[in-house]
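K.L.:
Quick note, the working numbering runs 9 ahead of the 1-based positions in the sequence shown.
Backbone N, C-alpha and C define an ideal beta-carbon position, used for all residues, glycine too.
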Amino acid sequence: MIYPNSIKNIDQFVEDFIREFQMGLPGSKAQQKMSPSIRNYSNNKNDPSLTRDSSVLILFYQKGDQLYFPLIERSNGDHKHSGQISLPGGKFELTDKNLIETAIRETEEELGLLGEKIHIIGPITGLYIPISNFQVQPIVAYYEGLPQFKADSFEVKQIIETNIQELFKADNKHEETIHKNGFEIKAPYYEVKGHKLWGATAMIVSELEELLKRANLIE
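Below, the structure written as structure tokens:
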């Protein structure tokens, strides 16, 4: 195995990842490692009759001998999530067959990618977001070839190409204290190209990190 420093073939990487994926997911225990303290005071169980379904896509692709996935900085035009660092994705629409289709559709729209080049690996552990009442289903996939990004100008301020070896270095994990609405929030975050990746997205990525480490695909 040539990991964890470089890759020569994304197909081999995907094969190794799927093998570990099929052994079972780390689940909420892995997510909790990057959970902000405000969740300790929130209702972390959804009401299926009220919760809105959504999905996001973790989309691996090879660039040179390194593996990446895209994060996005939401633009000021997308007022509800303005300025957030997140995975591409959004809410389920009645025209979607399922949440996988939702994730692909939203990624096509936000990143300008071709859906037929997105190959699904599978879902990881879903996460309820109390503040927005969304039940988010993360989907893992890989892209065939090198993606040619074209960001949606309304929703996306910038696309952050995220190198997995860099992101998951120990010195890229930090914690800060945020004062918001009378709460003091302890917020762990990943540092990625000068941005802070925290909250629900960081929790989702934390489970991904655990899977990659378990499979010896990152250090």
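I'd like the ranges of any beta strand (DSSP E) spanning at least 3 consecutive residues and lying wholly in the region 53-121.
P.N.:
Those beta strand (DSSP E) runs which fall completely within the region 53-121 and span 3+ residues are 61-72, 75-83, 98-100.
K.L.:
Ignore the nearest five residues each way along the sequence and tell me which others in Ala39's own chain have a CB closer than 7 Å to its CB.
P.N.:
Here the set comprises Ser215, Glu216, Glu219.
K.L.:
Quick one: give me the first and last residue of the alpha helix (DSSP H) that Gln237 is part of.
P.N.:
Absent from the model: residue 237. The displayed extent of the chain is 10 to 228, so no value can be given.
K.L.:
Excluding the 5 residues flanking Gly124 on each side, which residues of the same chain have their C-beta closer than 8 Å to its C-beta?
P.N.:
Ile113, Arg114, Thr116, Glu117, listed in sequence order.
K.L.:
Taking the straight line between their C-alpha atoms, what separation do you get for Ile81 and Asp180?
P.N.:
Roughly 22 Å separates the two Cα atoms.
K.L.:
What separation, rounded to the nearest whole angstrom, lies between the Cα atoms of Lys230 and Thr60?
P.N.:
Outside the displayed span of the chain (10 to 228) sits residue 230, for which this structure offers no information.
K.L.:
On the three-state DSSP scale, how would you describe Val23?
P.N.:
Looking at Val23 - three-state DSSP - the assignment turns out to be helix.
K.L.:
Tell me whether Ile133 is buried or exposed, calling it buried when 16 or more other Cβ atoms sit within 10 Å of its Cβ.
P.N.:
By the neighbour-count rule (16 or more Cβ atoms within 10 Å), Ile133 is buried.
K.L.:
Please specify which runs of the beta strand (DSSP E), each continuous and at least 3 residues long, are wholly inside the region 119-192, giving them in chain order.
P.N.:
The qualifying runs are 127-132, 136-138, 143-152, 165-172, 182-189.
K.L.:
Following the continuous alpha helix (DSSP H) through Leu217, name the residue where it begins and the one where it ends.
P.N.:
208-223 is the span of the alpha helix (DSSP H), which, as asked, contains Leu217.
K.L.:
Rounded to whole angstroms, what is the Cα-Cα separation between Tyr77 and Tyr152?
P.N.:
Their backbone Cα atoms lie some 10 Å apart in a straight line.
K.L.:
Under three-state DSSP, which class holds Lys202?
P.N.:
The answer is coil: DSSP assigns Lys202 none of H, G, I, E or B.
K.L.:
Hey, quick one: how far does the alpha helix (DSSP H) through Lys38 stretch, first residue to last?
P.N.:
Per DSSP, Lys38 belongs to the alpha helix (DSSP H) from 37-40.
K.L.:
On the criterion of 16 or more Cβ atoms from any shown chain inside 10 Å, does Met212 qualify as buried, or is it exposed?
P.N.:
Met212 should be labelled buried.
K.L.:
If you draw a straight line from the C-alpha of Val65 to the C-alpha of Gly135, how long is it?
P.N.:
Using only the alpha carbons, I get a separation of about 10 Å.
K.L.:
Assign Gly92 to buried or exposed, taking buried as 16 or more other Cβ atoms, counted over all protein chains shown, within 10 Å of its Cβ.
P.N.:
That one is exposed.
K.L.:
Measure the alpha-carbon distance for Leu34 versus Leu226 and round it to whole angstroms.
P.N.:
Taking the straight line joining both Cα atoms gives about 16 Å.
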